[in-house]
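Trainee: Counting with our numbering, you get residues 8 to 123 for the letters of the sequence shown. Note that the Cβ used here is the ideal one computed from N, Cα and C, for glycine as well.
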Amino acid sequence: MSVSAIESELSDDERSGLELVRETGGIHQSDFWKELDVSSRKGSRIVESLVEKELVDREETVYDGHNTYYITPTARDLDFTLLMAGDMLSPFIGEEEVDPNSDAFSQWIMNLAYEE
8 MSVSAIESEL SDDERSGLEL VRETGGIHQS DFWKELDVSS RKGSRIVESL
58 VEKELVDREE TVYDGHNTYY ITPTARDLDF TLLMAGDMLS PFIGEEEVDP
108 NSDAFSQWIM NLAYEE
């Protein structure tokens, strides 16, 4: 089943929860249910349903001294096209500093310009 088909079958609470996770890029489950203004129990059920449908990922973590989960959108929800110029990934991705006068940056900009 496609992602859009799965999303069309979501309840209003699940849809709101998914939208919250996508907008924030990730949220602790202890904040998730507060933001949705639902009980922690209901918040947990919403997250479990979204995890089962592979719309979000959930990792155990410690937050404010308490065990909780960190909820993130699945990788397929992320749009990497803005980082691409043709088949080249932006030179700004990574840990090293980028010299704006470098050949790699110039080539990426040229690919971006010719793409349109």
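1) What did DSSP end up calling Asp19 once you bin it into helix, strand or coil?
2) Taking the beta strand (DSSP E) that Ile100 falls in, what are its first and last residues?
3) What does the alpha-carbon distance come out to for the pair Ala111 and Ile100?
4) Report the option in Tyr70, Ala12, Met91 and Arg65 whose CA atom is closest to the CA atom of Tyr121.
5) Between which residues of its own chain and Leu119 is the CB-CB distance below 7 angstroms, once the five residues before and five after are set aside?
6) Taking all protein chains shown into account, do 16 or more other C-beta atoms lie within 10 angstroms of the C-beta of Pro107, making it buried, or fewer, making it exposed?
7) Quick one: what does DSSP say Glu61 is sitting in, helix, strand or coil?
8) Enumerate in chain order the residues of its own chain whose CB-to-CB distance from Ser97 is below 8 angstroms, with the five nearest sequence positions on each side excluded.
Mentor: Checking against the coordinates, here is how it stands:
1) helix
2) Element bounds for Ile100: n/a, residue is neither H nor E.
3) 12 angstroms
4) Met91
5) Ala92
6) exposed
7) coil
8) Leu90, Met91 and Trp115
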